[in-house]
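With full-length UniProt numbering applied, the sequence shown corresponds to residues 1 to 312, in that order.
C-beta: ideal position from N, C-alpha, C; glycine also.
Contents: one structure, followed by commentary.
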Amino acid sequence: MNHKNPHPHDDFFKESLSQTEVAVDLFKNLLPKDILAKIDLNSLKPEKTSFIDNIIGKKEVDALFSVKFGSDTGYLYLLTEHQSTVDKDMAFRIMKYRIMIMEHHKAIHPEDKYLAPVYPMIIYNGSSNYSASVDFFDLFRDKQLAKDLFINPVQLVDLPKVSDEEILNFTVANLLMFMLKHIHDEDIFSSILKIADYLEDAANRNFLYIESIFRYIVNKGQTGNKQELVKLFTSITPDDKREAIMTIAEQFIQEGLEKGINIGEAQGIEKEKYEVAFKMLKANQPIEFISQITEISTDKLLELANNQATKH
Numbered sequence: 001m002n003h004k005n006p007h008p009h010d011d012f013f014k015e016s017l018s019q020t021e022v023a024v025d026l027f028k029n030l031l032p033k034d035i036l037a038k039i040d041l042n043s044l045k046p047e048k049t050s051f052i053d054n055i056i057g058k059k060e061v062d063a064l065f066s067v068k069f070g071s072d073t074g075y076l077y078l079l080t081e082h083q084s085t086v087d088k089d090m091a092f093r094i095m096k097y098r099i100m101i102m103e104h105h106k107a108i109h110p111e112d113k114y115l116a117p118v119y120p121m122i123i124y125n126g127s128s129n130y131s132a133s134v135d136f137f138d139l140f141r142d143k144q145l146a147k148d149l150f151i152n153p154v155q156l157v158d159l160p161k162v163s164d165e166e167i168l169n170f171t172v173a174n175l176l177m178f179m180l181k182h183i184h185d186e187d188i189f190s191s192i193l194k195i196a197d198y199l200e201d202a203a204n205r206n207f208l209y210i211e212s213i214f215r216y217i218v219n220k221g222q223t224g225n226k227q228e229l230v231k232l233f234t235s236i237t238p239d240d241k242r243e244a245i246m247t248i249a250e251q252f253i254q255e256g257l258e259k260g261i262n263i264g265e266a267q268g269i270e271k272e273k274y275e276v277a278f279k280m281l282k283a284n285q286p287i288e289f290i291s292q293i294t295e296i297s298t299d300k301l302l303e304l305a306n307n308q309a310t311k312h
């Protein structure tokens, strides 16, 4: 019977490092002095790597240790390569493993305010010289650009601090930026009035964009001037596209009618319906559309319209 171990390298590596004195001595002799000065090897503790094992290469074996970096918990990550064929993307994979270790630490220590430092090390014992770069930035054509992109802080566009004038100077993205800035306004209608001309121009070029903006306002915006807002959007919408706006507007106004009204307030409901109907008639909205929104019959609306015309 053949009892030959199919993974002798892996087993030997892990069994050796499971002995604390071996791991401590290895790091004491291999780590750079500046890293050794920051860690407490007396706090060294082996950690499971099952969260990495499903993506690690078959020709590699790893070991993870937690250790104190001052008052913070950090990690020392060891990866061994024992095949002669070297992975040219090893530095990229090490970067991914480091991120996974930081994510794992954050998941099990959600109280930690900061990310955990991770120091990786590759131990190679293949039969030929190690030829791949271990510098992550060597994997980029423009090494300096890559360093700038990774090391510099992420660009922040803090919209509340950007003036409307600056936003409206954008050629095409102005409406996107303006809406993102003002969607939380207490009454968004006053802000929309500032961009009426821009909206009309966009409606003639790309109606789907205007429809998207109106839908965004309906779903996220607040205003006490719903009828005026609907009137503005219907006025800038091409005739053949108006039905789409009216469909959205119906939901918008109906929600306004229902908001804050209790079941027993039938009289108040009727009063508000008629107030809405009068405003929409005054704005020359189609009778059928008003009827759909207010649930007032077309005959009654025609009567109201005639009475309104007689008064004038």
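With distances taken from CA atoms, which of the options is nearest residue i?
i    : options                   : result
A196 : M179, E243 and S133       : M179
I108 : G224, V157 and T73        : T73
T237 : A203, I217 and M246       : A203
F12  : L139, T80 and K48         : T80
S50  : H104, F27, V67 and V172   : H104
D62  : L44, H82, D187 and E243   : H82
V24  : L44, P8, H9 and P32       : L44
S163 : T171, K181 and V172       : K181
D239 : P286, F278 and V276       : P286
K271 : E295, Y130, K282 and A283 : E295
L292 : A277, M177, N284 and E303 : It is Gln, not Leu, that sits at residue 292 in the sequence shown. When each option's Cα is compared against that of Q292, the closest is A277.
K194 : F207, N219 and I167       : I167
D87  : K38, S133, E111 and I52   : S133
E47  : K282, N206 and L17        : L17
H9   : K28, T85, N125 and L115   : N125
R242 : K220, E275, F289 and F252 : F289
P160 : R205, D187 and M177       : M177
Between which two residues does the beta strand (DSSP E) harbouring residue i extend?
i           : result
Y77         : D72 to E81
Y119        : V118 to Y124
residue 392 : As shown, the chain starts at 1 and ends at 312. That puts residue 392 outside it, with no answer to give.
Starting from residue i and walking both ways along the alpha helix (DSSP H), at which residues does that stretch end?
i    : result
E288 : I287 to T294
D197 : A196 to R205
H104 : M90 to I108
K143 : K143 to I151
E21  : T20 to L30
Specify the secondary structure class of residue i as computed by DSSP and reduced to three states.
i    : result
F170 : coil
A63  : strand
P46  : strand
K68  : strand
I39  : strand
T223 : coil
N262 : Confidence is the limiting factor: at N262 the pLDDT is only 43, short of 50, which leaves the residue's position unreliable, though a coordinate-based value still follows. Three-state DSSP puts N262 in coil, outside helix and strand.
Y130 : coil
F140 : coil
S235 : helix
A277 : helix
L156 : coil
I183 : coil
L301 : helix
N307 : helix
E228 : helix
L115 : coil
S163 : coil
D34  : helix
A283 : coil
T85  : coil
D240 : helix
Assuming the contact rule is C-beta atoms closer than 8 Å, residue i and residue j should be a hit. Round their C-beta distance to whole Å, please.
i           : j    : result
F92         : L76  : Going by Cβ atoms, the distance from F92 to L76 rounds to 20 Å, so no, they are not a contact pair.
F150        : K143 : In fact, because the Cβ distance is near 11 Å, the residues do not count as touching under 8 Å.
N174        : Y198 : 6 Å
M280        : Q227 : 6 Å
G70         : K106 : Not confirmed; about 18 Å, so no contact.
I35         : L78  : That belief does not hold up - the Cβ atoms of I35 and L78 are roughly 13 Å apart, past 8 Å.
L156        : I192 : Actually they are not in contact, since the Cβ atoms of L156 and I192 sit about 26 Å apart, beyond 8 Å.
D40         : K68  : 4 Å
F170        : N225 : Not really, about 26 Å apart at Cβ, beyond 8 Å.
residue 327 : L30  : The chain is shown from 1 up to 312; residue 327 falls before or after that span and cannot be answered.
K231        : A283 : 5 Å
K220        : I183 : 5 Å
- Message: Below 8 Å, how does it come out for the segment 205-215 and the segment 241-251: are there three or more Cβ pairs, yes or no?
- Response: Because the criterion of three Cβ pairs below 8 Å is met, the segment 205-215 and the segment 241-251 touch.
- Evaluate the contact criterion for the segment 88-104 versus the segment 115-122: three or more CB pairs, one atom per stretch, below 8 Å. Segment contact: the segment 88-104 against the segment 115-122, three or more CB-CB distances shorter than 8 Å; contact assigned.
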